[in-house]
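Asks:
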Amino acid sequence: MSDPMEFLLWAKGPMFDWALAIFALGMLARIAEILMLGRKPNLAEPRGGEWGPGLRTIITRSVADPGTFQRAAFNVTVGWIWHLGFLVVLLLFIPHIELINSVLGLRWPGLPNPVVDAVSAVTIAALIASLVHRLTHPVKKRISTVEDYLVWTVTFLPLLTGYLAYHRMINPYPLALGLHILMVEIFLIVFPFTKLTHVFTTFIARWYNGATFGRKGVES
Amino acid sequence: MSELSLERGLAAFREEMDAPVAAFFSSCVHCGLCAQSCPFYVETGDPKYTPILKLEPFRLVWEQEFTLWGKIKGTLGLSKKVTDEMLAEWEELLYDSCTMCGRCSLVCPVGNDLQYMIRKAREGMVASGHAPEGLISAASRAVHTGSPMGLKWKTLEVQIKHVESSSGLAVPLDKEDADYLVLLSSMEIINFPEYLEAITRIFDHAGVSWTLSTACFEATNAGIQIGSKDIAAELVQRVVDAAVKLRVRNVISPECGHAYTALRWEGPNLIGKSYPFRVFHIIEVLDELRTSGRIKTEGREMDRLSMHDPCNLARKSGVIRQQRNLMDLVAGNFVDLKEHGKYQWCCGAGGGVSSNERAEELRMVAFKRKKAQIEEVEPERMVTMCATCRTQLEEGLEDFNMEVPVVGLTEMIADHLVEKKKPA
Amino acid sequence: MAAHKTAVSRTLGESLREHGVSRRGFLKFCAATASMMALPPTMAPAIAAALEKARRPSVIWLSFQECTGCTESLTRSHAPTVEDLILEVISLDYHHTLQAASGDAAERAREQAMEANHGDYLVVVDGSLPGPDSNPGYSTIAGISNLEMLKETLEGAKAVVAVGTCAAFGGLPHASPNPTGAVAVQDIVEDLPVINVSGCPPVPMVITGVLAHYLTFGELPELDQYNRPLAFFGQSIHDRCYRRPFYDKGLFAETFDDEGAKKGWCLYRLGCKGPSTYNACATTKWNAGTSWPIESGHPCLGCSEPDFWDAGGFYRALSIPNTNATGTLLAAGVTGAIVGGAAAALAKKQQKAEEDERQPVKIEELEQKL
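Chains as they are written, first to last, in our numbering: chain X, 270 to 489; chain F, 53 to 476; chain L, 3 to 372.
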């Protein structure tokens, strides 16, 4: 790292374009791949609608049913904590809001820095807990692949480097910020080729679930 | 003579891909919660029974042939091919340890309808020749004789005569323009003959116009169980032909789970046409009669009763309130299982598992989840509306030395009918 | 400032006394210098002793592609300042703006100084220069290209001080599209120590602090990875900014003159580059401690850092990328939808074809498996 500023400007510059391009291309391709397949027409007499139930499930599926929560309390709780924490850090930190505003034109109020800082520390801890869980719980251990661990890593590193940069624990700052941005870029590049697609496709999946069950008169 | 082959299996997998499947596989994050909703995993503790893992061969085909990344991986030689060996290994996972109960579909946090995909994956298993012997035999008997258990009309005729002499009522056969064509299940005919007498009496009491058909009496569908839309279509077509011939307005599916699913939800799509009649489960019909005041009952069962909702009826078809309304008529001491209705736990026998002799031991282990539910509530008797569930409950409770008799809801209603006063 | 004799004839101490600087004033300056350089106060007498006896070194100041802002900053004084004095006591033998001579006489003065002090003189450069691969005609003095003059002047030099961001990193001429092929001094210098005093312009105290260190210890102070003195460039603006508590609390001015701006809140959202900028402005301030950009309500430009002109916009926050990200997102998204859609349509077509040709499963085929 002989020229930290050059590194930062490259990370903020051409590399960002590349990462964003790969992300957008890959993600839109995936969504098109899904939707274009369509569904065969359903000739059975419906008992209920599809659209309403589908939208409902998009929201309600975020909350585990009591039985499942009891059986998998750690899994569900840690999952909630790290997802919420990640969203808070990503969307309610003022520098991130500036970034999103510059790319998407959307803006909203943020949280004070120390609050976001505390949330990020909790999120990092929760992510580590989720990794330990994945390595030790028999089901997760059995079904996890290299991809799961890769995705964990590329999700963890932006949080870690963001924390380190905010606290100026890597010097000089352009190196720290550049590293954080680069980790985010790696996350974006890897995104469309891994289970990270769930960030977008979950909504499609939940809708289909709600729609299928709703058509049969069941709230799923 | 053509043969089932890996190629045909893979082609079947490809054919089954649709937008929901693609969305589901794109969204799975390997959280493992589906395992927590599967009695086979919960009672064995063996993570190989994790629902999403059962779908791995199907997922591989999706990834390799329907995603950009999968195609890139393929050209780089990085894809794992689906082989006969893999499908052979997966046969147990897709058949012995899955009843297609759909609980995983309700629990998956990203919204995956795993049951939907299991049904589709079985198409590929069948076409590649990797389905269990027990199911093949059942399908064979169903196609050749009309009944998966090889039951013939002759045997049913004997039962009909019994019912007529016992009740003093006539069982209509091949009556044209009736309101309801009644179908039966072989399991029911053999194990629970009281069902036929029950509906004969209830329909007489309520003044319902109904009939059996000598051309087709079987509601169950071994094609659905094994997962072959071709076989399933052939079996459904028989029902449709019989119904059309008699010009009935509605068809009733008996106290069975998958028969209702097969007829009500899959049937029209299997044969490629909507029905000129409507389909109901007997419980729906009875509840409809109750609301229109055509069923008058007296007296109540006062022992502590609880209920098992057949998965295909409740979770997969939305018939949940109706059986409880009917219980209210005839039960004075009813308590629901803690997780009931759409969240109730599978008995472990549906989806073809009970026809699969190889899976008997596993089926009994899975039953322990249901047993735990029952023990939690301590009923004196269990009520249910499916012959397979009922058989599994009886066998299971007996295996575990629990003295909890199981009774069908229809017969319980019939037992409490107010007798019509005969004109003097 | 008059041109001085090229020979170094008086000690710095003698010079100062000649100019009426009291012993007390001189010691105060040494103490201030020690403290600014983050040296312990016990060093002040050592600095005083060294400076007292120091021979006035010859300094040759080369001005290339520069705006003269650096000289303005360093020499601006309303009243004699110590900066002024230290400049007086070096033997500034060549400086375009400040010397009396011009034309050939000026160039001869430079050559004479180089010869007389061969191996001993300091070269100070401000402004960037067109690099070896550029047309030398972009910047010449007396018909000599900047590059040639620099190389020539470096031959007998002891050390090089690149004053201002242009000399240190290329600065404004180096900014995109860099029409003159401007390079920094350190890109040319190979065998000599280079010290970069960046800033646009640099803080006056910084240059005098560096010279004082050099005169005292005969060597350059500790430098960062950009060869800037750590004493002045070792802390970021962010870490020394008086508005930092507002950043920490999440209170930001959103526009110039809004409530937050009036209350002196953090200027991050207005584009302040404080977090990534290393300089002494926040502590030393400007105009003898009068104020500095952030205190007067303007976000830090990051002017002491390389490429600050191309770093993405003075009024765009540090976290905003330097690209047309929105355009990239849209273009790539549309491309992806088309590519994915086409691939899926193809897969669906193949699916349909397979469906049309499929052999239904027959019970006899299943029975073969029994």
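Note that beta-carbon positions come from the ideal geometry of N, C-alpha and C, so glycine has one too. From a predicted model like this one, the values you see are computed outputs, not experimental measurements.
List the residues of chain F that Q370 (chain L) touches, going by C-beta distances under 9 Å, in chain order.
Replies: Within 9 Å Cβ-Cβ: M53, E55, L56, G181.
Asks: From the beta carbon of Y435 (chain X), is the nearest beta carbon of chain F less than 8 Å away?
Replies: No, Y435 (chain X) does not count as interfacial toward chain F.
Asks: Measuring straight from C-alpha to C-alpha, what distance separates C361 (chain F) and R376 (chain F)?
Replies: One detail in the question is off: residue 361 (chain F) reads as Asp in this sequence, not Cys. In a straight line, the C-alpha of D361 (chain F) is about 10 Å away from that of R376 (chain F).
Asks: Mind checking which residues open and close the alpha helix (DSSP H) that includes A505 (chain F)?
Replies: The displayed coordinates of chain F run from 53 to 476. Any statement about residue 505 (chain F) would go beyond what the structure contains.
Asks: What do you reckon, is the C-beta of H467 (chain X) under 7 Å from a heavy atom of the ligand PLP?
Replies: In the structure shown, the ligand PLP is absent, as is every other ligand, since no ligand is present at all.
Asks: Taking I363 (chain X) as the query, report the chain L residues whose CB atoms sit under 8 Å from its CB, ordered along the chain.
Replies: Chain L residues near I363 (chain X): G252, F254, Y270, R271.
Asks: Please classify M354 (chain F): does DSSP put it in a helix, a strand, or coil?
Replies: DSSP places M354 (chain F) in coil when its eight states are reduced to three.
Asks: Among residues of its own chain, excluding the 5 on either side of V435 (chain F), which ones have a beta-carbon nearer than 6 Å to its beta-carbon?
Replies: Same-chain partners within the cutoff: L357, M359, V459, L461.
Asks: Quick one: which residues of the region 341–355 of chain L get their C-beta closer than 9 Å to a C-beta of chain X? List them in chain order.
Replies: Listed by position, the residues of the region 341–355 of chain L near chain X (Cβ gap below 9 Å) are V341, G342, G343, A344, A345, A346, A347, A349, K350, Q353.
Asks: Tell me whether Q101 (chain L) sits in a helix, a strand or coil according to DSSP, three-state version.
Replies: DSSP places Q101 (chain L) in coil when its eight states are reduced to three.
Asks: Can you have a look at P82 (chain L) and say buried or exposed, based on whether 16 or more other CB atoms are within 10 angstroms of its CB?
Replies: Note that P82 (chain L) scores a pLDDT of 44, beneath 50, so its modelled location is shaky; the value from the coordinates is reported in the next line. Per the 10 Å Cβ criterion, exposed.
Asks: Does P452 (chain F) come out as helix, strand or coil in the three-state DSSP assignment?
Replies: In the sequence as displayed, the identity of residue 452 (chain F) is Phe instead of Pro. Coil, per DSSP.
Asks: Ignoring anything shorter than 4 residues or poking outside the region 6–77 of chain L, list the alpha helix (DSSP H) runs there in chain order.
Replies: Those alpha helix (DSSP H) runs which fall completely within the region 6–77 of chain L and span 4+ residues are 14–20, 25–38, 45–55, 71–77.
Asks: Within the region 290–378 of chain F, note down every full beta strand (DSSP E) run reaching 3 residues or more, in order along the chain.
Replies: Fully enclosed beta strand (DSSP E) runs of 3 or longer: 302–305, 330–333, 357–360.
Asks: Please tell me whether N344 (chain X) has its Cβ less than 8 Å away from any Cβ of chain L.
Replies: Chain L, which has no Cβ nearer than 8 Å to the Cβ of N344 (chain X), makes this no.
Asks: Would you call the region 194–207 of chain L and the region 411–425 of chain X touching, i.e. three or more CB-CB distances under 8 Å?
Replies: No, they do not touch.
Asks: Just to confirm, is the Cβ distance from E352 (chain F) to V382 (chain F) under 8 Å?
Replies: Here residue 352 (chain F) turns out to be Arg, not Glu, going by the sequence shown. A contact, by the Cβ cut-off of 8 Å.
Asks: Does the region 307–327 of chain L touch the region 159–177 of chain L, meaning 3 or more C-beta pairs lie closer than 8 Å?
Replies: Yes, the region 159–177 of chain L is in contact with the region 307–327 of chain L.
Asks: Check the Cβ-Cβ distances between R242 (chain L) and every residue of chain X, and say whether any is below 8 Å.
Replies: No, because no Cβ of chain X sits closer than 8 Å to the Cβ of R242 (chain L).
Asks: Output needed for T326 (chain X): all residues of its chain with C-beta closer than 6 Å, excluding positions within five of it in sequence on either side, in chain order.
Replies: Correct list, in chain order: R475, N478, G479, S489.
Asks: Which of the three DSSP states is assigned to T243 (chain F) in this structure?
Replies: The identity of residue 243 (chain F) in the sequence shown is Asn, whereas the question assumes Thr. N243 (chain F): helix per DSSP, three-state reduction.
Asks: Residue range of the alpha helix (DSSP H) that M296 (chain X) falls in?
Replies: M296 (chain X) -> alpha helix (DSSP H) spans 283–306.
Asks: List the residues of chain L whose Cβ lies closer than 7 Å to the Cβ of E367 (chain X), in chain order.
Replies: What E367 (chain X) touches in chain L: R271, A319, S321, I322.
Asks: With a CB to CB cut of under 8 Å and the five nearest residues on each side skipped, what residues in its chain are close to V420 (chain X)?
Replies: Counting only Cβ-Cβ distances below 8 Å, and skipping sequence neighbours, we find V459, T463, K464, L465.
Asks: Can you list, in chain order, the stretches of the alpha helix (DSSP H) that have 4 or more residues and sit fully within the region 226–287 of chain F?
Replies: Listed in chain order, they are 238–243, 246–258, 274–278.
Asks: Under 8 Å, Cβ to Cβ, is there at least one residue of chain X near S278 (chain L)?
Replies: Output row for S278 (chain L): interface = yes.
Asks: So, are the CB atoms of G158 (chain L) and H120 (chain L) less than 8 Å apart?
Replies: Going by C-beta atoms, G158 (chain L) is nearer than 8 Å to H120 (chain L).
Asks: What's the C-alpha gap between K251 (chain L) and L380 (chain X)?
Replies: Cα to Cα, K251 (chain L) sits roughly 9 Å from L380 (chain X).
Asks: For I455 (chain X), tell me which candidate among X:Y432, X:H436, X:L426, X:V401 has the shortest Cα-Cα distance.
Replies: Ranking the options by Cα distance to I455 (chain X), first place goes to X:L426.
Asks: Tell me the rounded alpha-carbon separation between V470 (chain F) and K348 (chain F).
Replies: When rounded, the distance between both Cα atoms is 6 Å.
Asks: Listed from N- to C-terminal order along the chain, which residues in the region 81–105 of chain F have their beta-carbon within a distance smaller than 8 Å of any beta-carbon of chain X?
Replies: Correct list: V81, H82, C83, G84, L85, A87, Q88, S89, Y93, V94, G97, P99, K100, T102, I104, L105.
Asks: At a Cβ threshold of 8 Å, is M169 (chain F) touching chain C?
Replies: Note that chain C does not occur in the displayed structure, where the protein chains are X, F and L.
Asks: Using alpha carbons as the reference points, say which of F:Y395, F:R433, F:V417, F:S305 lies closest to V94 (chain F).
Replies: The candidate whose alpha carbon is nearest that of V94 (chain F) is F:V417.
Asks: Please compile the residues from chain X whose C-beta is within a distance smaller than 8 Å of the C-beta of D226 (chain F).
Replies: Going along chain X, no residue has its Cβ under 8 Å from D226 (chain F), so there is no contact; the nearest lies around 25 Å.
Asks: Quick one: give me the first and last residue of the beta strand (DSSP E) that T279 (chain L) is part of.
Replies: Note, T279 (chain L): premise wrong, no beta strand (DSSP E); not H, not E.
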